[in-house]
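K.L.:
Here this note's numbering is used: the first residue of the sequence shown is 73, the next is one more, and so on. Using N, Cα and C, we set each Cβ at its ideal position, and we do this for glycine too. There's a structure below that I have some questions on.
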Amino acid sequence: MRLSFTIGHGVPKFSLFLRPTLSRHLHRPIYSSSTLPSPTSQNPQTPLFLRPPTHRATFSDLRKWQNWAKTLALSVGSSFVDMDNGPDSTLLCRELKWLIEDVTEDGSISETLHNEEPERTVRLRVGLEELYKLWKQRIEERRPFQYIVGCEHWRDLILCVQEGVLIPRPETEKIVDLVGDLFSDNQGLREGLWADLGTGSGAIAIGIGMILRSSGRVIATDLSLLALEVATFNVQRYGLQVSAGRGKKRAVFLFSDVIQLRQGSWFEPLKDVEGKLAGIVSNPPYIPSDHISGLQAEVGRHEPRLALDGGVIGMNDLLHLCKGAASMLHSGGFFVFEDSENKGMQQLHRSSKPWRPLP
């Protein structure tokens, strides 16, 4: 599995609240991932590994690029680690191997590149000039590797990602396993309606959807039109769609047996399902504003700030969600979110009177 960059703001904490009911007492904590707005709507970029191999280069020229790229990666040493806990040369060299796998028609060439005849040609998904440009961006601008190749390996999925959409983190993979366990314990929850608020790339919604298939449904929302376009691309790749269409004004919808994508801020697109949700999952911004500048460069410089910045103490969106979630859930419904260890959590728990937290 490929590695993702972490936010670099301590270890995430996952909180689960249960709307009180007399009939159920479930224990398992679950959490989710989210993305926030980009300023404009545009079609998602095709991940590198899915592009047609329309370019050619000799093995000699490809090796020349590889040697240059490896030298650049090795020059980093541990400087990025010392600077902001960024990637070291070992990880960068591993990324270089992955890039070769994605860019060549035959990904296994990365293992035999130096044994091939110099003048033989290899088919590439981008030209050598573009490869030089991309690797300079990776090292000199600290552009995230996931944005370079246009995808992230997450759980057993390969998800399209690009600038303006938060990169799914490895920690968030746990939600799919935990929700699966939750569904095994309670068929009613499996057949219920769930919402993923701030879906971003659609990772959590797709992960849950792969478990639900036709038994339940997920509404995935995001304020960003770009994020919804990317999520639509990912949902379609995994066969969870029936048809897609664009609604009026701000709404973008993708209807499927399992997943429906809606555009809007937090609860705004969910008015028609008020009081009907079995569960809500979200990973809203929870990093205090003055901590953003200290994040790893790949995160702070390139990922959408609105997906990270939770306000002065990191609780702006969490408080909003806690206040609004109770009216959206039916009795015994779950509200699950990711947060961090900060002082604002005390304020959050004080404001959560309608909820019963579970260990």
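#1: Roughly how far, in whole angstroms, is the beta-carbon of Ser361 from the beta-carbon of Gly372, given that I think they are within contact range, below 8 Å?
#2: Under the DSSP definition of a beta bridge, which residues are partnered with Ile352?
#3: On a Cα-Cα basis, can you pick out the residue from Pro242, Ile211, Asp156 that is closest to Ala145?
#4: Using CA atoms only, rank isn't needed, just tell me which of Leu269, Ala299, Ser182, Ser161 is closest to Phe407.
#5: Could you check which residue in Leu238, Leu401, Ile172, Asp253 has the C-alpha nearest to that of Lys343?
#6: Nearest CA to the CA of Val175: which residue from Gln259, Asp253, Phe121?
#7: Alpha carbon to alpha carbon, what distance is there between Gly222 and Thr126?
#8: Taking the alpha-carbon of Leu254 as reference, which of Leu238, Ile280, Gly272 has the nearest alpha-carbon?
#9: Who are the Cβ neighbours of Leu168 in its own chain at under 8 Å, not counting the five residues just before and after it?
#10: Would you kindly check if the distance between the Cβ of Leu393 and the Cβ of Trp338 is under 8 Å?
#11: I'd like the list of long-range same chain contacts for Arg100, defined as Cβ closer than 7 Å, with 5 residues on each side in sequence excluded.
#12: Shortest alpha-carbon distance to Glu202 belongs to which of Cys232, Leu171, Leu185?
#13: Do the segment 148 to 166 and the segment 374 to 381 make contact, defined as three or more Cβ pairs closer than 8 Å?
#14: Let me check one thing: in DSSP terms, what residues is Asp228 bridge-paired to?
#15: Which partner residues does Cys223 have in the DSSP bridge list?
#16: Distance, Cα to Cα, Ile283 vs Ala277?
#17: What residue ranges within the segment 237 to 266 form continuous alpha helix (DSSP H) runs of no fewer than 4 residues, ordered along the chain?
#18: Compare the beta carbon distance of Gly386 and Ile359 with 8 Å and say whether it is the shorter of the two.
#19: Report the option in Arg289, Ala369, Asn187 whose CA atom is closest to the CA atom of Ala350.
#20: Which whole-angstrom value is the C-beta distance of Ile247 and Ala267, which I expect to be below 8 Å?
#21: Would you kindly work out how many angstroms separate the C-alpha atoms of Glu340 and Ser399, rounded to a whole number?
P.N.:
Concretely, from the data shown:
#1: Actually they are not in contact, since the Cβ atoms of Ser361 and Gly372 sit about 12 Å apart, beyond 8 Å.
#2: Ala267, Phe407
#3: The residue with the shortest Cα to Cα distance from Ala145 is Ile211.
#4: Leu269
#5: Leu401
#6: Phe121
#7: 18 Å
#8: Ile280
#9: Gln138, Ala141, Lys142, Ala145, Trp207
#10: yes
#11: In this prediction, Arg100 has a pLDDT of 25, which is less than 50 and means its spatial position is unreliable; what the coordinates show is noted afterwards. So the qualifying residues of the chain are Leu250, Asp253, Leu254.
#12: Among Cys232, Leu171, Leu185, the Cα nearest to that of Glu202 is on Leu171.
#13: no
#14: Beta-bridge pairing links Asp228 to no other residue.
#15: Cys232
#16: 10 Å
#17: 246 to 257, 259 to 262
#18: yes
#19: Arg289
#20: Ile247 to Ala267, Cβ: 13 Å. No contact.
#21: 13 Å
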